[in-house]
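Under the numbering used here, the residues of the sequence shown are numbered 212 to 555, in order.
Glycine residues also receive a C-beta, built at the ideal position from the N, C-alpha and C atoms.
Note that the structure is a prediction, hence the values are computed from the model and not measured.
First the structure, in the form of structure tokens, and then the observations on it.
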Amino acid sequence: MKRILWRRRIRFARTRLRELVMIARGLLFTRHPVLAHIIPIRRCNLTCSYCNEYDAFSKPVPVDVMSRRIDRLASFGTSIITISGGEPLLHPELEAIIRHIRKRGMIAGMITNGYLLTPQRIESLNQAGLEHLQISIDNVRPDDVSKKSLKVLDQKLELLASYAIFQVNINSVLGSPVRNPKDALEVARRARSLGFTSTVGVLHDNNGQLQHLSESHQKIFREIMDMGRRSYSRFNYFQHNVSHGRVHAWRCRAGSRYLYVCEDGLVHYCSQQRGYPAIPLERYTRELLDHEYHTEKPCAPRCTIACVQQVGLLDNWRDPQTRRAFEQPSGTLVQLPSAIREEN
Ligand code: SF4
Ligand code: SF4
């Protein structure tokens, strides 16, 4: 146990240092992506009813293809790559992908539902160089909306507390599909008792847009937000607007400072605006990064996508967006059909 504690302290200190460099670089220069989400597998082992980001059949993207995408992101000077899905732990060569991110000097993070974590898998993630892991927990007991439940995942959280040397954040959620808002509070308390950071997100509609929180949800939201401020991911004042159902003024730099690269290697604005601009990463250029940096996104005022808004904090104070999004036939951004696809 002592050995784990020392390894954890060293990994935390290094990661914190790298985060400070990432923030300083992000403030000094505007022409590189700060955060990219990559999808090595779209398949998931769960079927959360509100989710449009998974299917039940996709094969893992081969590791050499993922490595080329990571190289391309590195060539743009990307600071952080977060592996998402689907469920990334279903990828048989996930650790090789993480290793490649670290080899190219970028911060490596992952979002998982945690179901497949074992002591051996956590140790192999340690050894691969993972720096951040986030698990979203939706309720205390599983229901027909979500099985990402504290009751099911608590033993996985204990494993992480015992074996992980990377930073762990537990995200709880509020919003209309959540039956008991007090569950979010219980999840956040449990996370903090195990030494993890905790955040709270607001469930969005299928376009990543705002849903008004009820008074009881808002009260719990404030309590969780007040619990602690250890991580830079807590700089999320915009979430207060989200919780009140208010629009907020910010500049979405998706397509520039934030990139979402799907399993097919296409760059999209974000997980909820897939289909636009949908340009292959190998053909994405610095000119496109620059174009999207200066492009106003019509969905920004009612957006709930926290990670893109956190990246936006680096630039909200400068460079007003003067360009309009590329013309769309409908005049709005394109949402792909539900990602809860059936194989056919
Ligand atoms: S929310 Fe996560 S765990 Fe649930 S179905 Fe979607 S990808 Fe899978
Ligand atoms: S404002 Fe940006 S992050 Fe939010 S939904 Fe629109 S494109 Fe996505």
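Beta-carbon proximity of residue i to residue j, cut-off 7 Å
| i | j | result |
| --- | --- | --- |
| Arg462 | Gln532 | yes |
| Ala247 | Leu470 | yes |
| Glu298 | Ser482 | no |
| Ala395 | Ile381 | no |
| Asn324 | Lys367 | no |
| Ser295 | Ile322 | yes |
| Leu371 | Val379 | yes |
| Glu304 | Val274 | yes |
| Ile490 | Val478 | yes |
| Leu341 | Ile308 | no |
| Ile250 | Leu301 | no |
| Thr515 | Ala536 | no |
| Leu525 | Leu231 | no |
Spatial distance of residue i from residue j (CA atoms)
| i | j | result |
| --- | --- | --- |
| Leu257 | Gly412 | 19 Å |
| Asn452 | Arg214 | 43 Å |
| Tyr504 | Arg485 | 18 Å |
| Ile292 | Val522 | 13 Å |
| Ser347 | Gly386 | 14 Å |
| Met436 | Thr410 | 7 Å |
| Pro392 | Arg513 | 22 Å |
| Glu493 | Ile312 | 17 Å |
| Gln338 | Pro244 | 26 Å |
| Arg400 | Leu344 | 18 Å |
| Ile318 | Glu474 | 20 Å |
| Asn350 | Ser260 | 13 Å |
| Ala375 | Arg352 | 25 Å |
| Ala285 | Asn527 | 24 Å |
| Phe377 | Phe223 | 7 Å |
| Ala511 | Met212 | 46 Å |
| Phe240 | Arg280 | 23 Å |
| Ser278 | Glu306 | 12 Å |
| Arg390 | Leu499 | 42 Å |
| Val458 | Val398 | 28 Å |
| Ala235 | Lys314 | 21 Å |
Classification of residue i by the beta-carbon crowding that lies within 10 angstroms, buried from 16 upward
| i | result |
| --- | --- |
| Leu228 | exposed |
| Phe407 | buried |
| Asp355 | exposed |
| Gln331 | exposed |
| Ile221 | exposed |
| Ser427 | exposed |
| Ser269 | buried |
| Thr329 | exposed |
| Arg529 | exposed |
Distance cut-off 6 Å: residue i Cβ against heavy atoms of ligand 3
| i | result |
| --- | --- |
| Tyr495 | Of the ligands this structure carries, namely ligand 1 and ligand 2, none is ligand 3. |
Just list the alpha helix (DSSP H) runs in the region 466-539, keeping only unbroken ones of 4 residues or longer that don't cross its boundaries, in chain order. 497-504 and 517-523
Any heavy atom of ligand 2 nearer than 6 Å to the CB - residues listed: Gly419, Cys463, Ala465, Tyr480, Cys481, Gln483, Gln484, Lys508, Cys510, Ala511, Cys514, Ile516 and Val519
Please give me, in chain order, every unbroken run of the alpha helix (DSSP H) with length at least 4 that falls completely inside the region 245-303. Those alpha helix (DSSP H) runs which fall completely within the region 245-303 and span 4+ residues are 274-286.
Taking only runs of the beta strand (DSSP E) that begin and end inside the region 319-361, which ones reach a length of at least 3 residues, in chain order? 343-348
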